[in-house]
Amino acid sequence: MTVTDTARRRPLITLLVVCQSTIGLIFGGIGLFLPLIRTDLGLSFTEAGTLAAASNLTYALMQVPSGYLADRFTPRRLFLIGLLGLNVLSALFAVLDTYPLLLIDQALAGFFRALVFTPGMLLMTQLFPPGRRATAMGLYVVGGFSSNVLLSAVGPLLVGPLGWRLLFLLFSGFGLLALVLYRFLAGAAPRREPGDPVRFADLPGLIRQRIIQLTGVIQFTRLAVAQGFTFWLPTYLVVDRGQSLATAGLVAALASAISAPVNYLGGYLSDRINRPLLVIGGSLTVLTVGLTLLTYVPGMLGVLGVVALISMAIQVYFGPLFALPLQVLGSGNAGLISGFGNFCANLGSFALVYALGAVKDATGSFRAGFLSLAVLCVVALIATRLTRPLLRRAG
Numbered sequence: 168m169t170v171t172d173t174a175r176r177r178p179l180i181t182l183l184v185v186c187q188s189t190i191g192l193i194f195g196g197i198g199l200f201l202p203l204i205r206t207d208l209g210l211s212f213t214e215a216g217t218l219a220a221a222s223n224l225t226y227a228l229m230q231v232p233s234g235y236l237a238d239r240f241t242p243r244r245l246f247l248i249g250l251l252g253l254n255v256l257s258a259l260f261a262v263l264d265t266y267p268l269l270l271i272d273q274a275l276a277g278f279f280r281a282l283v284f285t286p287g288m289l290l291m292t293q294l295f296p297p298g299r300r301a302t303a304m305g306l307y308v309v310g311g312f313s314s315n316v317l318l319s320a321v322g323p324l325l326v327g328p329l330g331w332r333l334l335f336l337l338f339s340g341f342g343l344l345a346l347v348l349y350r351f352l353a354g355a356a357p358r359r360e361p362g363d364p365v366r367f368a369d370l371p372g373l374i375r376q377r378i379i380q381l382t383g384v385i386q387f388t389r390l391a392v393a394q395g396f397t398f399w400l401p402t403y404l405v406v407d408r409g410q411s412l413a414t415a416g417l418v419a420a421l422a423s424a425i426s427a428p429v430n431y432l433g434g435y436l437s438d439r440i441n442r443p444l445l446v447i448g449g450s451l452t453v454l455t456v457g458l459t460l461l462t463y464v465p466g467m468l469g470v471l472g473v474v475a476l477i478s479m480a481i482q483v484y485f486g487p488l489f490a491l492p493l494q495v496l497g498s499g500n501a502g503l504i505s506g507f508g509n510f511c512a513n514l515g516s517f518a519l520v521y522a523l524g525a526v527k528d529a530t531g532s533f534r535a536g537f538l539s540l541a542v543l544c545v546v547a548l549i550a551t552r553l554t555r556p557l558l559r560r561a562g
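Residue numbering for the sequence shown follows our numbering, starting at 168 and increasing by one per position.
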C-alpha cells in the first residue's frame, strides 16, 4: 500500500495503534495488579520480578530474528502471528495458578511479543513519508501508553468485583477482536518487491558500526528506565509509600496520560526541527534529575510532581532514537537495525526489572534501584554526545 492511499491509510494507522494498546493492557495489567498477583500466589518480590524478566529475556533474544524476518519477508504475517500467540497466552495467564507455569507462560509471551513490535513498527512507517519516520515510530507506541491510562484509572475499580484473572481474559478478547479487524481491513499481504535479500550475515558488520554501538547503549538505558520505573511504580507506592492500590493506579494513570501525547510529540518535534540529539539528550537529562529525586521527596504531592516530570521524558525520545541509526546508515536493513536496537533495549529491561525487585528484597527499599536508573541515564547522555559527529557527517 502506498502513502497516498489515504482512504485506507488512516483506519490502518488507528488499528495498528489499537493492536499495540492490547499489549499495553496485558503487560500494564501485570505491573498494576502485581501486589494482588503476588499475594494470591505467595510470590516473593524477586519471584514477581522474574515474571517480567522472563518475558523480557525471550523478547530481547527474539528482536534480531524478528527484525531479520521482517526484512526478509513481509512484516504483516509476523505481526498477526505475534498478536494471536500473545493474546492466547494472556488468557492462559488468567487460569494458571503456579509460579513455574506462569513463568513459562511469560517466557513464551515474550517470544510472540517480539513478532509484534518490529514488524508492527515497520508497518507503521510504511504508512508515512520517509521524512516523518520518527513521527511514525512515536505514534506506534502511543497505544501502549493510552491503554495504560485507561487501565490504571479503571483497573483498580474493576479488580475488586471482577478479579484480576477475569480482567486478563477480557484483555485477551479485546486483543483478538483488534487482530480480526486489522486482518479484515489490511487484506492480503503484498508481494515483496524484488531486490537483494537481507542476509543474517550482515548483522556483524552492522554491529561494528559506531552509530549502532552508541545507540545500543542509549536503547539499553531507555527501556531499563521505562520498564523498571513503570513496572515497579505501583508496588513502590503501595509498599514504600503506604498508598492504596486505587491511589497507586491513579498515579500510574497520570504517568501514562502524560507519556502518551509527549511520545508522539517527541517524534514530531524531532522530524520538524531535524535535531534528534536535542530531543534525546534533553529527555535523558530530565530523567536523571527525576529518578534521583523520586525516593527523597516528602509527601505524595512531591511524588506526584516527580512522577509527572519523569513521565514527560520517559519515552519521548523513542521515535528519534530508532530513527537515528537509519538516518546515518539508510533504511536498507531497517528491520535488522531496529531489531538489534530493541534487543539492547530489552536486555536493559530484563536486567533492571529483575534487579529492582532483588534490591528491594535485599535492602527493604527501592531507593538504590531507582538511583541506579539515574546513573544509567548519565551513561546514555555520554553516548548521545558521542553520536554528534557521526550524525553531522551523515548530514
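Glycine residues also receive a C-beta, built at the ideal position from the N, C-alpha and C atoms. As the structure is a computational prediction, the values presented were derived from the model and not from experiment.
Its chain contains Ile-385, Leu-444, Ile-447, Gly-448, Leu-451 as the residues whose beta carbon lies nearer than 7 Å to that of Thr-551, once the 5 sequence neighbours on both sides are disregarded; these appear in chain order. Three or more Cβ pairs closer than 8 Å define a contact, and the stretch 392–404 meets that threshold against the stretch 200–220. In this structure, the straight-line span from the alpha carbon of Lys-527 to that of Val-470 is close to 19 Å. The Cβ atoms of Leu-460 and Ala-480 lie no closer than 8 Å to each other.
Taking C-beta separations shorter than 6 Å and ignoring five residues to either side along the sequence, Val-321 has no partners in its chain.
The beta carbon of Leu-236 sits closer than 7 Å to those of Leu-245, all from its chain and outside the five residues before and after it, given in chain order.
In this structure, Arg-389 sits away from Leu-228, with a CB-CB distance that is not shorter than 8 Å. Rounded to the nearest angstrom, the Cβ distance from Gly-508 to Thr-302 is 18 Å, too far for a contact under 8 Å. Remark: C-beta atoms of Thr-181 and Ile-378 do not approach each other more closely than 8 Å.
Burial of Ala-215 is indicated by the presence of at least 16 other C-beta atoms within 10 angstroms of its C-beta. The residues Phe-279, in chain order, have a CB closer than 6 Å to that of Gly-252 in the same chain once the five nearest residues on each side in sequence are set aside.
Inclusion of Ala-221 and Leu-270 in the CB contact set at 8 Å is warranted, their separation being smaller than that value. Residues of the same chain with a CB within less than 6 Å of the CB of Ser-478, apart from the 5 flanking positions on each side, are Ala-422, Ile-425, Ser-426 in chain order. With contact defined as three or more Cβ pairs closer than 8 Å, the stretch 254–263 and the stretch 328–348 are in contact.
Annotation for Leu-306: Tyr-431 place their beta carbon closer than 6 Å to its own, counting only its chain and skipping 5 residues before and after. Under the three-state reduction of DSSP output, Thr-241 falls in the coil class, being neither helix nor strand. With fewer than 16 other Cβ atoms inside 10 Å of its own Cβ, Gly-466 counts as exposed. The C-beta distance from Ala-281 to Gln-230 rounds to 6 Å, short enough to fall under 8 Å. For the pair Ala-525 and Thr-206, the CB atoms are not nearer than the 8 Å cut-off.
For Val-308 against Gln-482, the beta-carbon gap comes to about 7 Å, under 8 Å, which counts as contact. A check of alpha carbon separations from Arg-439 across Gly-298, Leu-179, Val-185 identifies Gly-298 as the nearest.
Note on Arg-243: 16 or more other CB atoms within 10 angstroms of its CB, so buried under the neighbour-count rule. Nearest to Val-406 by alpha-carbon distance, out of Val-326, Ser-233, Arg-534, is Arg-534.
Sixteen is the threshold: when 16 or more other Cβ atoms of the shown chains lie within 10 Å of the Cβ of Pro-323, as they do, the residue is buried.
Going by C-alpha positions, Leu-247 is about 29 Å away from Ala-419.
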